[in-house]
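Here this note's numbering is used: the first residue of the sequence shown is 145, the next is one more, and so on.
Glycine included, C-beta positions come from ideal geometry on N, C-alpha and C.
These figures come from a predicted structure and were not determined experimentally.
For reference, the structure is listed below as structure tokens.
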Amino acid sequence: MSMSPPVGIDSLGVAFPSQYLELADLADARGVAPSKFVDGLGTRRMAVPGEDEDTVTLAARAAREALALAGSNGEDVGLLAVGTETAVDHSKPVASFVQGLLQLPRAMRVFETKHACYGGTAALQLALDWIRSGSARGKKALVICSDIARYGLRTAGEPTQGAGAVALLLSEAPRLVALDAGMSGIFSQDVNDFWRPLYSKDAQVDGHFSVKCYLEALEGAYRGYQGLAAPTAHARFSDRFAAIAYHVPYGKMAVKAHRHLRTLDWDPAPDASFERLVAPSLHFPAEIGNVYTGSLYLALTSLLASGGEGLEGQQVGLFSYGSGSCAEFFSGTVLGGATARVRSLRIPERLAARRRLTVPEYEAVMVSREEMDARPAGDGKGAPFHYLGVAAHRRTYAPAES
Ligand code: CAA
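In structure tokens, the structure reads:
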């Protein structure tokens, strides 16, 4: 383990739409056995964004929560990056909209990063190194992962949609998770497993091939991590971790990932450790669905909120995968008090307060969202932090206090 100062995640915030679809309802409507979605894919519900929600509004809400949890007004932030694969403009970054909505100071780097679901991790790792190098001069980095996972209606990917954002405030005095410096196993290759052409709102995916690519990348990244790690007395390499959070496009993918990882550890019963090491990270993803860049960090949030205080002081493994592809296996230590801090966000209560959509309501929202990028802004009034439409080619949002 590295002797560098424990730079890591000081605070986090999570945002998700206030409406969801029960996947058993979708299965009924599509003439599929509900058990295929619920047991076969390991999905339960998926968040459905409203007609006035987008990557910006989700990012801004998550960021506001992360800053509030840290007791920060943003003055101590020197870098703001948004990782997303569902950006709202070819040029202007989501991060600039967030800076404006949150009225953050101007002496900060503001940009967007893209590499499918890995885009947020790319920003996170660069921001951590910026802090570790001393260039940050004590400033914090705000890295936000925000996405709306959208496939076409009646496609195989339809039950694996979702929407949400996770904001991570990174600092040299973290209160949630200290991330291990230099401990990253990396795997990347040029591959067409999942992509979204410029002319389409819906993702394209070679579904079964994408699963194969994910597992191949996991193997490469995990082997890379193993090559960097010091030996321990544990019988299986991954038993050094109290938990492992994976990128979760749907719950079953985490099952397949963990089975593969434990097989690489020569575990003759590769599923036996799943409940102990992985299940606590899947509660929130099962409620919200795939959130692309935020998926790993939603899993980590779920782990911190439900893993219990026994997790504190323990090392956890983290696996990020972005199609196309780039993957990283890295690790960190959960800090004292972290689980109570994350529980104070009351995420289960907020999930329970959401509205359940019918399938026709969900389909209507999906169709309506196809036109939202060109929708006129109307009278300029709307719910705080929500998307109003376009005025003079400018995307507009209701400010916090309107
Ligand atoms: N009861 C219980 N289980 C059932 C069932 C039933 N009645 N019917 C089928 N199943 C099981 C199948 O046996 C299968 O299980 P296993 O994978 O364990 O064998 C599972 O349900 C899924 O069945 P299919 O493989 O037939 O499902 P499908 O072909 O309709 O599509 C999918 C599955 C390819 C994952 C599709 O949902 C998809 O394309 N999703 C989007 C792509 C994706 O998420 N890829 C993940 C890796 S890429 C990535 O991670 C990046 C990212 O975020 C997109």
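| field | Run of the beta strand (DSSP E) containing R538, from where it starts to where it stops | value | Walking along the sequence shown from the start, residue 538 turns up at place 394. Counting along the chain, the beta strand (DSSP E) containing R538 begins and ends at 538–541.
| message | Please state the DSSP three-state secondary structure of G92. | response | Since the first residue of the chain shown is 145 and the last is 546, residue 92 is not available in this structure.
| task | Please say whether G468 and V349 have beta carbons closer to each other than 8 angstroms? | result | Residue mapping note: residue 349 aligns to position 205 of the sequence shown, counting from 1. Residue mapping note: residue 468 aligns to position 324 of the sequence shown, counting from 1. No, the Cβ-Cβ distance between V349 and G468 is not below 8 angstroms.
| field | Where L462 falls, given that 16 or more other Cβ within 10 Å makes a residue buried | value | Mapped onto the sequence shown, residue 462 falls at position 318. By the neighbour-count rule (16 or more Cβ atoms within 10 Å), L462 is buried.
| Alpha-carbon spacing of A285 relative to E363, whole angstroms | By one-based count along the sequence shown, residue 285 stands at place 141. By one-based count along the sequence shown, residue 363 stands at place 219. So the two alpha carbons sit approximately 30 angstroms from each other.
| First and last residue of the uninterrupted alpha helix (DSSP H) at R490 | As a position in the sequence shown, residue 490 is number 346, starting the count at 1. Neither: R490 is in no alpha helix (DSSP H) and is coded neither H nor E.
| request: With hydrogens ignored, establish whether the beta-carbon of P303 is closer than 7 angstroms to any heavy atom of ligand 1. | output: Within the sequence shown, the letter at position 159 stands for residue 303. Flag set: Cβ of P303 near ligand 1.
| task | For L297, I'd like the list of residues in its chain whose CB is within less than 7 angstroms of its CB, leaving aside the five on either flank, ordered along the chain. | result | In the sequence shown, the residue the question calls residue 297 occupies position 153. Only E507, M510 meet the Cβ criterion.
| request: Just the C-alpha distance for G452 and D154, rounded to the nearest angstrom, thanks. | output: Translated into positions along the sequence shown, residue 452 becomes position 308. Translated into positions along the sequence shown, residue 154 becomes position 10. Distance between the alpha carbons of G452 and D154 is about 18 angstroms.
| Is L185 near ligand 2, in the sense that its beta carbon is under 7 angstroms from a heavy atom of that ligand? | As for ligand 2, it is missing from this structure, which binds only ligand 1.
| task | Report yes if the C-beta of K525 is less than 7 angstroms from at least one heavy atom of ligand 1; otherwise report no. | result | Reading the sequence shown from its first residue, position 381 is the one you call residue 525. Exclusion of K525 from the 7 angstroms shell around ligand 1 follows from its C-beta lying no nearer than that to any non-hydrogen atom of the ligand.
| said: Does the beta-carbon of K396, which I'm using as the reference point, lie nearer than 7 angstroms to any heavy atom of ligand 1? | reply: As a first step, residue 396 must be located in the sequence shown, where it is residue number 252. Yes, since a heavy atom of ligand 1 falls inside the 7 angstroms radius drawn around the Cβ of K396.
| Under a Cβ-count criterion, where at least 16 other Cβ atoms within 10 Å of its own Cβ denotes burial, should Y441 be classed as buried or exposed? | Here residue 441 refers to the residue found at position 297 of the sequence shown. Result: buried.
| request: Check whether the Cβ of D337 lies closer than 7 angstroms to any heavy atom of ligand 1, and answer yes or no. | output: What you label residue 337 is simply residue 193 of the sequence shown in a count that begins at 1. It does: the Cβ of D337 is within 7 angstroms (strictly closer) of some heavy atom of ligand 1.
| message | Applying the 10 Å Cβ sphere with the 16-neighbour rule, what's the burial state of S354? | response | As a working mapping, residue 354 is identified with position 210 in the sequence shown. Its Cβ being crowded by 16 or more others within 10 Å, S354 is buried.
| said: Are there any heavy atoms of ligand 1 lying less than 7 angstroms away from the beta-carbon of N434, as far as the coordinates show? | reply: As a first step, residue 434 is located in the sequence shown; it is residue number 290 there, counting from the start. N434: yes, Cβ under 7 angstroms from ligand 1.
| request: With DSSP as the reference, label Q114 as helix, strand or coil. | output: Nothing about residue 114 can be read from this structure; the chain reaches only from 145 to 546.
| Closest by CA to P249, which one among K283, S450, E456, G263? | On the sequence shown, position 105 is the one that residue 249 refers to. Here the closest residue by C-alpha is K283.
| query | Who are the Cβ neighbours of H378 in its own chain at under 7 angstroms, not counting the five residues just before and after it? | reply | As a working mapping, residue 378 is identified with position 234 in the sequence shown. Close CB contacts of H378 within its chain, under the 7 angstroms cut and outside five residues either way in sequence, are with R384 (chain order).
| Sorry if obvious, but does the Cβ on P393 come closer than 7 angstroms to a heavy atom of ligand 1? | Residue 393 sits at position 249 when you count from the first residue of the sequence shown. Yes.
| request: Kindly indicate which three-state DSSP category G234 falls into: helix, strand or coil? | output: Counted from its first residue, the sequence shown places residue 234 at position 90. One detail in the question is off: residue 234 reads as His in this sequence, not Gly. In the three-state reduction of the DSSP assignment, H234 falls in the coil class.
| Which of helix, strand or coil does DSSP assign to K400? | The count along the sequence shown starts at 1 and reaches residue 400 at position 256. K400 sits in a helix when the DSSP states are folded into three classes.
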